[in-house]
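Peer 1: Here the protein sequences line up with chains A and B, keeping their order.
Residue numbering for the first sequence follows our numbering, starting at 312 and increasing by one per position.
Residue numbering for the second sequence follows our numbering, starting at 2 and increasing by one per position.
Think of the CB as a built atom: it goes at the ideal place given N, C-alpha and C, for glycine as much as any other residue.
Note that the coordinates shown come from a computational prediction; the quantities given were computed from them, not determined experimentally.
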Amino acid sequence: MKKAHPPGIRGVAVLADTGGKRTANQGKTVRIIVPVKQVPETSNVKMDPVTGTMIRDGVEPIVNPLDLYAIEAAVQLREKYGGEVIALSMGPAKARLALKEAIAMGCDDGILLSHKAFAGADTWATSYVLAQAILQMGNFDLILCGERATDGDTGQVGPGIAAWLDIPFTTYISAIREVNSETLRIERMVETGYEILDIQRPCLLTVVKEINFPRLPTLDGKLRARDCDLKILGPEEINARPEYLGLKGSPTRVVKISTPQVARRGKIVAPKDERELESAVDGLMDFLKQKEIL
Amino acid sequence: MEYRDVWILAEHEQGELKLVSFELLKRGRALADKRDCQLVAVLLGRDFQDGELQRLFRYGADKVIVAKDPVFEHFLPEPYCSALRFLVRKHQPEILIASATTTGRTVAPAVAVQCHTGLTADCTELDIEESTGNLIQTRPSIGGNILATIKTPDRRPQMATVRPHSNKPLAPDEKKTGEILYEEIPGEFLQSRIRRVEFRLNSEEGGNIQDAEIIVAGGKGFKKDENFKMLHKLAALLSGTVGATRDAVDLGWAGYPQQIGLSGKTVSPKFYLAAGISGSVQHLAGIKTAENIAAINNDPDAQIFQVADYGIAADIFEVLPILNEKLNAYRQTQARPEEK
Numbered sequence: 312m313k314k315a316h317p318p319g320i321r322g323v324a325v326l327a328d329t330g331g332k333r334t335a336n337q338g339k340t341v342r343i344i345v346p347v348k349q350v351p352e353t354s355n356v357k358m359d360p361v362t363g364t365m366i367r368d369g370v371e372p373i374v375n376p377l378d379l380y381a382i383e384a385a386v387q388l389r390e391k392y393g394g395e396v397i398a399l400s401m402g403p404a405k406a407r408l409a410l411k412e413a414i415a416m417g418c419d420d421g422i423l424l425s426h427k428a429f430a431g432a433d434t435w436a437t438s439y440v441l442a443q444a445i446l447q448m449g450n451f452d453l454i455l456c457g458e459r460a461t462d463g464d465t466g467q468v469g470p471g472i473a474a475w476l477d478i479p480f481t482t483y484i485s486a487i488r489e490v491n492s493e494t495l496r497i498e499r500m501v502e503t504g505y506e507i508l509d510i511q512r513p514c515l516l517t518v519v520k521e522i523n524f525p526r527l528p529t530l531d532g533k534l535r536a537r538d539c540d541l542k543i544l545g546p547e548e549i550n551a552r553p554e555y556l557g558l559k560g561s562p563t564r565v566v567k568i569s570t571p572q573v574a575r576r577g578k579i580v581a582p583k584d585e586r587e588l589e590s591a592v593d594g595l596m597d598f599l600k601q602k603e604i605l
Numbered sequence: 002m003e004y005r006d007v008w009i010l011a012e013h014e015q016g017e018l019k020l021v022s023f024e025l026l027k028r029g030r031a032l033a034d035k036r037d038c039q040l041v042a043v044l045l046g047r048d049f050q051d052g053e054l055q056r057l058f059r060y061g062a063d064k065v066i067v068a069k070d071p072v073f074e075h076f077l078p079e080p081y082c083s084a085l086r087f088l089v090r091k092h093q094p095e096i097l098i099a100s101a102t103t104t105g106r107t108v109a110p111a112v113a114v115q116c117h118t119g120l121t122a123d124c125t126e127l128d129i130e131e132s133t134g135n136l137i138q139t140r141p142s143i144g145g146n147i148l149a150t151i152k153t154p155d156r157r158p159q160m161a162t163v164r165p166h167s168n169k170p171l172a173p174d175e176k177k178t179g180e181i182l183y184e185e186i187p188g189e190f191l192q193s194r195i196r197r198v199e200f201r202l203n204s205e206e207g208g209n210i211q212d213a214e215i216i217v218a219g220g221k222g223f224k225k226d227e228n229f230k231m232l233h234k235l236a237a238l239l240s241g242t243v244g245a246t247r248d249a250v251d252l253g254w255a256g257y258p259q260q261i262g263l264s265g266k267t268v269s270p271k272f273y274l275a276a277g278i279s280g281s282v283q284h285l286a287g288i289k290t291a292e293n294i295a296a297i298n299n300d301p302d303a304q305i306f307q308v309a310d311y312g313i314a315a316d317i318f319e320v321l322p323i324l325n326e327k328l329n330a331y332r333q334t335q336a337r338p339e340e341k
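(1) Which residue from B:Gly287, B:Asp251 and B:Arg86 puts its Cα closest to that of Ala268 (chain B)?
(2) Using the beta-carbon count (16 or more within 10 Å), is Tyr183 (chain B) buried or exposed?
(3) What residue range is occupied by the uninterrupted alpha helix (DSSP H) comprising Val198 (chain B)?
(4) Residues of the segment 575-588 of chain A with a CB closer than 7 Å to any CB of chain B: list them in chain order, please.
(5) Tell me where the beta strand (DSSP E) around Leu54 (chain B) begins and ends.
(6) Between the alpha carbons of Arg36 (chain B) and Lys19 (chain B), how many angstroms are there, rounded?
(7) Which residues mark the beginning and the end of the alpha helix (DSSP H) in which Phe524 (chain A) is found?
(8) On the premise that Ile414 (chain A) lies in contact with Ala551 (chain A), defined as a C-beta separation below 8 Å, what is that separation, rounded to the nearest angstrom?
(9) Less than 8 Å between CB atoms is the rule here; does Arg552 (chain A) satisfy it with respect to chain B?
(10) In the DSSP output, what is Val282 (chain B) paired with across the bridge?
(11) With DSSP as the reference, please indicate the residues paired to Cys514 (chain A) in a beta bridge.
(12) Quick one: measure Cβ to Cβ for Ser83 (chain B) and Thr162 (chain B), integer angstroms, because I've assumed they're closer than 8 Å.
(13) Tell me which residues of the segment 89-101 of chain B have at least one Cβ-Cβ distance to chain A shorter than 7 Å, keeping chain order.
(14) Please state if the CB of Met596 (chain A) and the CB of Tyr311 (chain B) are separated by a distance shorter than 8 Å.
(15) Tell me which same chain residues have a C-beta within less than 7 Å of the C-beta of Pro173 (chain B), skipping the five on either side of it?
(16) Check whether the Cβ atoms of Pro158 (chain B) and Ile96 (chain B) lie closer than 8 Å to each other.
(17) In chain order, what residues of the same chain lie with their CB nearer than 7 Å to the CB of Ile344 (chain A), ignoring the 5 residues before and after it?
(18) What does Asp226 (chain B) touch in chain A if you count any residue whose Cβ is under 9 Å from its own?
(19) According to a CB-to-CB cut-off of less than 9 Å, which residues of the segment 280-311 of chain B neighbour chain A?
(20) By Cβ distance below 6 Å, which residues in the same chain neighbour Gly394 (chain A) in space, the five residues on each side in sequence not counted?
(21) With H, G and I counted as helix, E and B as strand and the rest as coil, what does DSSP make of Ala309 (chain B)?
(22) Let me know if Ser590 (chain A) comes out buried or exposed under the rule of 16 or more other beta-carbons within 10 Å of its beta-carbon.
(23) At a CB-CB cut-off below 7 Å, which residues of chain B make contact with Ala473 (chain A)?
(24) To the nearest angstrom, how far is the alpha carbon of Arg194 (chain B) from that of Phe200 (chain B)?
(25) For Met596 (chain A), would you say it is in contact with chain B, using Cβ-to-Cβ distances shorter than 8 Å as the test?
(26) Could you work out which residue in B:His166, B:Val7, B:Glu14 and B:Leu85 is closest to Asp34 (chain B) when comparing CA atoms only?
(27) Give a yes or no on whether 8 Å exceeds the smallest Cβ distance from Arg196 (chain B) to chain A.
(28) Start and end of the alpha helix (DSSP H) containing Arg36 (chain B)?
(29) In terms of residue numbering, what span does the alpha helix (DSSP H) encompassing Asn228 (chain B) cover?
(30) Kindly list the residues whose CB is nearer than 6 Å to the CB of Val320 (chain B), restricted to its own chain and excluding five residues on each side of it in sequence; keep chain order.
In structure tokens form, the structure reads like this:
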């Protein structure tokens with residue numbers, strides 16, 4: 312059965328017309344969904360100087376490092392209040408390794424959204440698929456996302472999911488202070504300081520590094536991850552609209568990839584003795600004056 | 002109705018316009034001139050002084066759309082997104098750009114989903130494609146290793162966030178003025194399921210690193226916490242702010258708000274000093290738009306020298322004391338010019 316997409320309360324096409332009253336999993340326990348992304352290990356990225364493309368040989372896929380903070384925050388909440396943490400990922404078949412790592416860190420279960428129709432999605436189409444999957448997952452209290460993925464570096468999928476679901480959301484959360492029956496008290500890190508906010512449940516938050524120190528996978532967790540059967544879902548299982556999927560459904564198009572000119576023709580000095588050291592620093596002073604920094 | 006005009010989402014603090022608003026006006030002005038259309042600044046807030054609104058014209062806007070309501074006093078995602086969506090639906094801009102600040106990066110993705118349109122994050126270049134009139138958006142990706150050029154060919158408005166401080170505002174035109182349009186936002190667009198309880202101002206010295214004109218940053222090369230404190234002295238002498246690499250933050254020498262790089266902040270100061278920083282790909286991604294970069298590192302092959310305008314391949318513990326001394330001496334000559 313295809314889900315209809317009625318306009319939401321404020322005249323916007325959202326996935327479900329919940330009237331803003333999507334029921335939280337009321338009571339003490341919390342049911343948390345953590346969307347995660349598998350990314351290349353960008354700290355070791357090497358670019359081919361001739362073609363300007365990434366050399367993918369030997370690049371390990373890892374869980375987006377900033378998602379680890381969302382996983383940790385979710386697991387901590389479950390440890391404190393009870394409940395369940397489910398990791399969710401859209402990606403190729405090998406992205407199940409990312410979900411297994413999430414389970415090894417303490418998530419209870421993982422769902423992989425994998426199908427060729429999903430391939431090439433931009434943030435709009437990605438957030439659609441994740442939101443559509445979440446709709447099929449029953450009531451939840453909280454969706455916790457990393458601030459952004461370290462490969463695409465957009466930070467757009469989290470707010471996008473919340474917009475599709477028409478649930479309250481906010482970003483750059485550095486602390487979850489209290490979980491109350493209807494609201495959460497949270498801290499949001501902005502340019503000039505920290506906002507203290509109360510947000511209604513269920514909601515979506517993206518978290519920053521400052522929120523915690525992610526734990527390493529435990530042996531017990533690794534065994535659980537090894538033995539668990541991940542659910543793999545495609546467009547039909549989540550009642551997705553085919554025209555919203557993948558590259559075809561994406562509003563944006565990457566039209567060109569180029570290598571940035573990073574090298575500057577800078578002056579580098581290597582002083583060998585004290586006198587040269589002195590003149591090297593004089594050179595820096597001259598540079599500062601010339602550039603009107605002093 | 003056809004999609005027309007270039008919009009920028011102006012940002013303010015308690016009615017006072019932020020620098021990023023003027024940076025966006027410069028970007029928007031270039032696009033509006035190429036499209037031969039109006040540049041419109043959109044402003045949501047509790048109240049604004051007319052003098053402040055006039056500044057938007059002087060820095061490039063042809064028209065200002067203002068929505069005033071107490072709910073807009075501080076940034077709250079829902080009413081900001083709803084009101085912007087309402088205005089977009091009503092006026093149908095062809096292009097909508099916001100700054101890639103915590104506000105812009107929160108509002109824009111939700112509005113893009115709701116308006117079923119494309120959004121490109123954290124652009125460093127925007128242009129108009131002559132043959133089609135499409136917005137050409139360029140942004141660094143994969144840790145700054147590539148530049149991706151992106152289009153939104155069929156949906157409108159074309160949306161982008163722009164990296165803060167990646168350009169300077171136009172010189173103001175004191176005579177320029179324009180039309181101010183006050184818009185009433187219907188009540189159902191003003192609801193918020195988030196309530197602001199309080200605000201804690203950053204107490205860190207030097208304040209917000211993304212606004213800093215001068216940054217002196219340190220990495221693992223400092224070896225220990227006490228040594229890292231040398232940087233604070235240097236920062237004071239240069240009237241700058243202290244930044245740090247991920248390693249230095251992980252070791253507890255600096256706080257996360259000071260972290261520069263892919264997993265921290267992206268900065269574009271006038272001057273960036275990298276001391277004891279080897280220059281990992283992630284760190285370099287955060288400083289690529291800095292105007293001037295100087296580096297001090299004892300490894301002459303360190304990556305950081307590839308992006309430096311001036312580099313000293315020597316031990317920071319030898320260089321920094323001399324630099325401190327020379328800066329100190331220079332400051333004293335500057336403080337008492339009459340005693341020459």
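Peer 2: The short version:
(1) Rather than Ala, the amino acid found at residue 268 (chain B) in this sequence is Val. It is B:Gly287 whose Cα lies nearest to the Cα of Val268 (chain B).
(2) Result: exposed.
(3) Annotation: Val198 (chain B) is outside any alpha helix (DSSP H); the continuous beta strand (DSSP E) that includes it extends over Ile195 to Leu202.
(4) Cβ contacts with chain B come from Arg575, Gly577, Lys578, Ile579, Val580, Ala581, Pro582 and Leu588.
(5) Not the beta strand (DSSP E): Leu54 (chain B) falls in the alpha helix (DSSP H), residues Asp51 to Arg59.
(6) Approximately 26 Å between the Cα atoms of the pair.
(7) For Phe524 (chain A), there is no enclosing alpha helix (DSSP H), as DSSP marks it with neither H nor E.
(8) In fact, because the Cβ distance is near 25 Å, the residues do not count as touching under 8 Å.
(9) No, because no Cβ of chain B sits closer than 8 Å to the Cβ of Arg552 (chain A).
(10) Residue pairing by DSSP leaves Val282 (chain B) without any beta bridge partner.
(11) Its beta-bridge partners are A:Leu453.
(12) A Cβ-Cβ separation of about 19 Å leaves Ser83 (chain B) out of contact with Thr162 (chain B) under the 8 Å criterion.
(13) Shown here is that no member of the segment 89-101 of chain B has a Cβ falling below 7 Å from a Cβ of chain A.
(14) No, they are not a contact pair.
(15) For Pro173 (chain B), where only same-chain residues beyond five positions count, the Cβ hits under 7 Å are Arg59 and Tyr60.
(16) Contact: yes.
(17) Contacts found: Ile397, Leu399, Ile445, Met448, Phe451 and Ile454.
(18) Within chain A, no residue comes near Asp226 (chain B); the closest Cβ sits about 18 Å away, beyond 9 Å.
(19) Correct list: Ser281, Val282, Gln283, Leu285, Ala286, Lys289, Glu292, Asn293, Ile294, Ala295, Ala296, Ile297, Pro301, Phe306, Gln307, Val308, Ala309, Asp310 and Tyr311.
(20) Result list for Gly394 (chain A): Thr340, Val341 and Arg342, in chain order.
(21) Ala309 (chain B) carries a coil assignment under DSSP once its states are collapsed to helix, strand and coil.
(22) Taking all protein chains shown into account, Ser590 (chain A) has fewer than 16 neighbouring C-beta atoms within 10 Å of its C-beta and is therefore exposed.
(23) Listed by position along chain B, the residues whose Cβ is nearer than 7 Å to that of Ala473 (chain A) are Ala111.
(24) When the Cα atoms are used, Arg194 (chain B) and Phe200 (chain B) turn out to be separated by approximately 18 Å.
(25) Judged by the 8 Å Cβ criterion, Met596 (chain A) is in contact with chain B.
(26) Ranked by Cα distance from Asp34 (chain B), the options B:His166, B:Val7, B:Glu14 and B:Leu85 are led by B:Val7.
(27) Nearest CB-CB separation between Arg196 (chain B) and chain A: below the 8 Å threshold.
(28) Note, Arg36 (chain B): alpha helix (DSSP H), Leu20 to Arg36.
(29) DSSP places Asn228 (chain B) in the uninterrupted alpha helix (DSSP H) bounded by Asp226 to Phe229.
(30) Excluding sequence neighbours, Val320 (chain B) sits near Ile297 and Ile313.
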